[in-house]
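Sequences listed follow chains A and B, in order.
The numbering used here numbers the first residue of the first sequence as 1 and each following residue consecutively.
The numbering used here numbers the first residue of the second sequence as 1 and each following residue consecutively.
For every residue, glycine included, the Cβ atom is placed at its ideal position computed from N, Cα and C.
In this text, all values refer to a predicted model and were calculated from it rather than measured experimentally.
Protein chains: 2
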Amino acid sequence: MTRPQSIQTSVDPVIFTVFDDKLHILVVRRNIEPYNGCWSLPGGLIDCKEDLDIASAATRKLKEKTNLSGCYLEQVATVGSASRDPRGWSITIVYFALIPRPGEIALTATHGASEVRWEPLNNDGIGIPLAFDHEKLIKMALERLRSKVSYTSVAAHLLDEAFTLLDLQNIHEIILGRKVEKKTLMRRYIGSDLLLKVPENRHEGRMRPAQLYQLKERNKVHYFVRSMEGPREE
Amino acid sequence: MTRPQSIQTSVDPVIFTVFDDKLHILVVRRNIEPYNGCWSLPGGLIDCKEDLDIASAATRKLKEKTNLSGCYLEQVATVGSASRDPRGWSITIVYFALIPRPGEIALTATHGASEVRWEPLNNDGIGIPLAFDHEKLIKMALERLRSKVSYTSVAAHLLDEAFTLLDLQNIHEIILGRKVEKKTLMRRYIGSDLLLKVPENRHEGRMRPAQLYQLKERNKVHYFVRSMEGPREE
DNA sequence: TATATTAAAGTCACAGTGACACTAAATAAC
DNA sequence: GTTATTTAGTGTCACTGTGACTTTAATATA
Numbered sequence: 001m002t003r004p005q006s007i008q009t010s011v012d013p014v015i016f017t018v019f020d021d022k023l024h025i026l027v028v029r030r031n032i033e034p035y036n037g038c039w040s041l042p043g044g045l046i047d048c049k050e051d052l053d054i055a056s057a058a059t060r061k062l063k064e065k066t067n068l069s070g071c072y073l074e075q076v077a078t079v080g081s082a083s084r085d086p087r088g089w090s091i092t093i094v095y096f097a098l099i100p101r102p103g104e105i106a107l108t109a110t111h112g113a114s115e116v117r118w119e120p121l122n123n124d125g126i127g128i129p130l131a132f133d134h135e136k137l138i139k140m141a142l143e144r145l146r147s148k149v150s151y152t153s154v155a156a157h158l159l160d161e162a163f164t165l166l167d168l169q170n171i172h173e174i175i176l177g178r179k180v181e182k183k184t185l186m187r188r189y190i191g192s193d194l195l196l197k198v199p200e201n202r203h204e205g206r207m208r209p210a211q212l213y214q215l216k217e218r219n220k221v222h223y224f225v226r227s228m229e230g231p232r233e234e
Numbered sequence: 001m002t003r004p005q006s007i008q009t010s011v012d013p014v015i016f017t018v019f020d021d022k023l024h025i026l027v028v029r030r031n032i033e034p035y036n037g038c039w040s041l042p043g044g045l046i047d048c049k050e051d052l053d054i055a056s057a058a059t060r061k062l063k064e065k066t067n068l069s070g071c072y073l074e075q076v077a078t079v080g081s082a083s084r085d086p087r088g089w090s091i092t093i094v095y096f097a098l099i100p101r102p103g104e105i106a107l108t109a110t111h112g113a114s115e116v117r118w119e120p121l122n123n124d125g126i127g128i129p130l131a132f133d134h135e136k137l138i139k140m141a142l143e144r145l146r147s148k149v150s151y152t153s154v155a156a157h158l159l160d161e162a163f164t165l166l167d168l169q170n171i172h173e174i175i176l177g178r179k180v181e182k183k184t185l186m187r188r189y190i191g192s193d194l195l196l197k198v199p200e201n202r203h204e205g206r207m208r209p210a211q212l213y214q215l216k217e218r219n220k221v222h223y224f225v226r227s228m229e230g231p232r233e234e
């Protein structure tokens, strides 16, 4: 029996946030080989000394770049093959994270990554070339996000603690890339008793003030029995 | 920078089938340490020489025990930690597979596993103690299977190529552990144009013969827009 | 021919959605 | 003040798909 070759094992968090009416993800510029100088996901090898399990490895990566903890984090899938890294067999476990208030976050460069920035996503994924198979990993995460947004309450984790129903509607429309009926979101979120009224309102310009809400259970995702179906065909 | 410790990386397929009106999974008895003599999932290490990617590692494991290929296989999740294997940091990628006609399959013992058998599942999972965290892995796979059965057409992959609507109903009821309306399945499967009528009928005893169907696209899973909700509350 | 048995179609109430009209609450302009 | 304007939130209706139940169809046997 031969000693098994070692497999490089990493986690790659796809960190989503929304600003300027667009979905963005966090990318870093590599300053080590391979793919030196390329943009990539802010992932890295699992550290057997540091990490107790793979979730904590993903949390650590997230914290290194954004200094955030406690945000929504979900495992998407694992890809691994002999060919995805020129150095040999490798595996990566893809996560997605949802970050509110990106404006208030200071991004931190770490060793192996000289720059960190938010990159906008269009309908098909990212617009710039990335290292390894990261473009595909992002597409997987994006597909999962879109799918979950249409049948769960997960999109609310991209918003501040207090938000209006319009905020919720905008987030859904940005992620799904289409119009969403505000009435549907009302019925879903309030009908499923997910929201708590905050005693203040939000008031901009000369319009009627909007009720502020917060999630009753900040760390829970509600599964609706139907998925939002989008516009009617004719 | 220290040389990273090596992480043992395996795949663990949870192989489901249905007979005797019960859901069963394939288990093997280990004849190597650790957990020598314990039952476990028919998984094993990824072989960098043999396997091109993790899906083919899972396919290989499936083929070694059942000699089957081409059955439905889906990645469930990846678990990994410093503590799940007494030998040190390890990762396993959990798959689930759906096997029709288990009666016609010859199970094969391989090195590391002296016995292979089908073990019935009850509502909470498996009834016997298993090696490592395999009991938890099975619960994850079972939860995923139940969930997918209630909003996709995946259950049909547990049936012969040709089946009746009653077969379909039985499979659903066995997996979900509750009554399912046959009318609902009719509407879903035929309404979504998933089935093709086979020119013969099945005819047992003195009852009306049942129409045989087969999936139009054997390798596709259809997503219904609603999940089956179960009996009405009062 | 009547009966038993299962297959399949029919029917109805109900829940949740998409679409859109309508009312409510605030400010700004007059 | 009154009115116009803008956004917030409600009302309503048709439509889809489900759960629950009923009715009809097809077969073998007594």
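DSSP on residue i, reduced to helix/strand/coil?
| i | result |
| --- | --- |
| histidine 222/B | coil |
| leucine 41/A | coil |
| valine 149/A | helix |
| leucine 215/B | strand |
| leucine 159/A | coil |
| leucine 194/B | coil |
| glutamate 50/A | coil |
| aspartate 124/A | coil |
| arginine 188/B | helix |
| histidine 134/B | helix |
| histidine 203/A | coil |
| proline 4/B | Reliability fails at proline 4/B, whose pLDDT of 49 lies under 50, so the model's placement of it is uncertain and the value that follows must be treated cautiously. It is coil, neither helix nor strand. |
| aspartate 20/A | coil |
| glutamate 173/B | helix |
| arginine 30/A | strand |
| valine 154/A | helix |
| glutamate 119/A | strand |
| leucine 142/B | helix |
Mind checking if residue i is an interface residue toward chain A, Cβ cutoff 7 Å exclusive?
| i | result |
| --- | --- |
| aspartate 133/B | no |
| isoleucine 7/B | yes |
| glutamine 75/B | yes |
| threonine 78/B | yes |
| alanine 113/B | no |
Please name the residue in the options whose C-alpha comes closest to that of residue i.
| i | options | result |
| --- | --- | --- |
| leucine 121/B | Tyr72/B, Ala58/B, Ser69/B, Arg146/B | Arg146/B |
| valine 11/B | Glu173/B, Leu98/B, Leu41/B, Leu212/B | Leu41/B |
| glycine 88/B | Pro34/B, Ala162/B, Tyr151/B, Val221/B | Pro34/B |
| aspartate 193/B | Val180/B, Leu215/B, Glu181/B | Leu215/B |
| arginine 187/A | Gln169/A, Leu176/A, Glu119/A | Gln169/A |
| lysine 49/B | Ser6/A, Pro86/A, Val14/A, Ile25/A | Ser6/A |
| glutamine 8/A | Leu26/A, Ala162/A, Gly44/A | Gly44/A |
| proline 199/B | Ile190/B, Arg208/B, Tyr213/B, Arg29/B | Tyr213/B |
| arginine 232/B | Val180/B, Thr17/B, Leu26/B, His157/B | Val180/B |
| lysine 22/B | Glu204/B, Phe224/B, Gly177/B | Gly177/B |
| aspartate 20/B | Ala55/B, Arg101/B, Ile138/B, Ser83/B | Arg101/B |
| valine 14/B | Lys183/B, Leu130/B, Ser81/B | Leu130/B |
| threonine 184/A | Leu196/A, Ser227/A, His203/A | Ser227/A |
| isoleucine 32/A | Thr110/A, Gln75/A, Ile99/A | Thr110/A |
| leucine 98/A | Thr59/A, Ser90/A, Gly80/A, Arg30/A | Thr59/A |
| serine 150/B | Val28/B, Val225/B, Asn36/B | Val225/B |
| leucine 26/B | Leu159/B, Phe96/B, Gly230/B | Phe96/B |
| isoleucine 93/B | Trp39/B, Asn123/B, Ile190/B, Ser56/B | Ser56/B |
| glutamate 217/B | Glu161/B, Glu119/B, Asp51/B, Thr66/B | Glu161/B |
Closer than 7 Å, CB to CB, is residue i near chain B or not?
| i | result |
| --- | --- |
| proline 4/A | Because the pLDDT at proline 4/A is just 49, under 50, the model does not fix this residue reliably, and the value given afterwards should be weighed accordingly. Yes, contact with chain B. |
- request: Can you give me, in chain order, the residues of the region 49 to 73 of chain B that have a beta carbon less than 7 Å from any beta carbon in chain A?
  value: Flagged, chain order: Leu52, Asp53, Ile54.
task: With 7 Å as the limit, tell me which residues of the region 217 to 234 of chain A have their beta carbon closer than that to any beta carbon of chain B; keep them in chain order.
output: Under the 7 Å Cβ criterion, the region 217 to 234 of chain A contributes Val225, Arg226, Ser227, Glu229.
message: Could you tell me which whole alpha helix (DSSP H) segments of length 4 or greater appear in the region 52 to 116 of chain B?
response: The region 52 to 116 of chain B contains these whole alpha helix (DSSP H) runs: 54 to 66.
query: When you check each C-beta in the region 82 to 108 of chain B against every C-beta of chain A, which residues fall closer than 7 Å?
result: Correct list: Ala82, Trp89, Ile91, Ile93.
Residues of the region 27 to 46 of chain A with Cβ closer than 8 Å to any Cβ of chain B, in chain order: Shown in chain order are the members of the region 27 to 46 of chain A whose Cβ falls below 8 Å from a Cβ of chain B: Leu45, Ile46.
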